[in-house]
């Protein structure tokens with residue numbers, strides 16, 4: 024299956040418009056969004072931009088109902104009332120409401136999750152660490168990937184709001200083992216990178232994030248991935 028990945032959004036509503044245009048060109052069968060829709064440098068008081076971003080996400084969810092959505096830490100910080108860098112108290116009510124609206128817009132049989140699996144590829148905002156699986160999934164289920172994903176997706180704030188979880192991990196900066204590296208490819212955002220790249224069984228694609236002065240860090244491309252062959256490339260729209 025060919026999958027188009029929308030990485031960390033951070034108040035860039037046009038990303039959904041561009042992704043929709045790519046999907047209308049039929050370059051992919053399905054979309055995965057790694058979320059972090061909220062927050063960006065110096066935007067704490069621009070509540071209308073928060074609202075516009077979530078509204079574009081909701082429209083995209085309705086137009087492409089088979090999109091797989093992966094919670095980001097910047098979204099859940101509002102849902103769980105956890106302060107972090109970039110958190111906007113001015114926009115908190117808007118984000119909480121719009122996140123609920125987004126959850127209502129996706130089909131009941133395809134909810135927003137921490138981790139999504141398509142073929143032998145795991146998609147999450149930040150990555151699934153082997154130690155995290157061993158810590159929170161019963162040993163008897165370790166080799167059943169779907170069961171592991173299911174168990175992780177049942178977890179709550181206590182388990183997920185830590186640096187080793189699939190919403191906070193930074194595997195690019197660690198030598199710690201990811202879950203089943205010989206069997207599974209993992210696709211993550213969260214950690215800004217200059218270009219889409221693969222290291223071992225990890226593809227990093229947060230290439231739309233910016234520096235504090237607003238300048239781009241990465242190439243601003245969308246990842247296009249074949250989930251069967253693991254072949255991938257970056258796609259630009261402008």
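Residue numbers (my numbering): 24 to 261.
Glycine included, each C-beta is placed from N, C-alpha and C at the ideal position.
DSSP beta-bridge partners of residue i
i	result
residue 227	211, 220
residue 146	139, 210
residue 91	55
Cβ separation of residue i and residue j, assumed to be a contact under 8 Å, to the nearest whole Å
i	j	result
residue 144	residue 28	10 Å between Cβ atoms; not a contact.
residue 100	residue 67	Not a contact, Cβ separation roughly 13 Å.
residue 160	residue 147	So it is not a contact: roughly 14 Å between Cβ atoms.
residue 45	residue 81	The pair is not a contact, with the Cβ atoms about 19 Å apart (cut-off 8 Å).
residue 31	residue 231	6 Å
residue 34	residue 62	7 Å
residue 240	residue 215	5 Å
residue 98	residue 122	6 Å
Residue i - DSSP class collapsed to helix/strand/coil
i	result
residue 245	strand
residue 171	helix
residue 240	coil
residue 26	strand
residue 258	strand
residue 205	coil
residue 233	strand
residue 45	helix
residue 193	coil
residue 152	strand
residue 114	coil
residue 54	strand
residue 61	coil
residue 187	coil
residue 34	coil
residue 96	helix
residue 106	coil
residue 79	helix
residue 120	helix
residue 67	coil
residue 125	helix
residue 74	helix
Same chain only: Cβ atoms within 6 Å of residue i, ignoring 5 sequence neighbours per side
i	result
residue 54	27, 87, 90
residue 208	144, 224, 253
residue 117	70, 73, 74
Exposure label - residue i; buried when at least 16 CB within 10 Å
i	result
residue 56	buried
residue 92	buried
residue 162	exposed
residue 140	buried
residue 114	buried
residue 79	buried
residue 202	buried
residue 85	exposed
residue 108	exposed
residue 104	exposed
residue 77	buried
residue 132	exposed
residue 197	exposed
residue 47	exposed
residue 212	buried
residue 38	buried
Contacting residues, own chain, Cβ-Cβ under 8 Å from residue i (five flanking each side not counted)
i	result
residue 52	24, 25, 26
residue 182	159, 188
residue 94	58, 135, 136, 137, 148, 190
residue 142	24, 250, 251
residue 234	64, 240
residue 186	192, 193
Neighbourhood of residue i by C-beta, 7 Å cutoff - its chain only, sequence neighbours within 5 removed
i	result
residue 244	219, 230, 257, 258, 259
residue 247	25, 27, 50, 51, 255, 256, 258
Minimum Cβ-Cβ distance from residue i to chain D less than 9 Å
i	result
residue 140	The chain inventory of the structure shown lacks chain D, comprising one protein chain alone.
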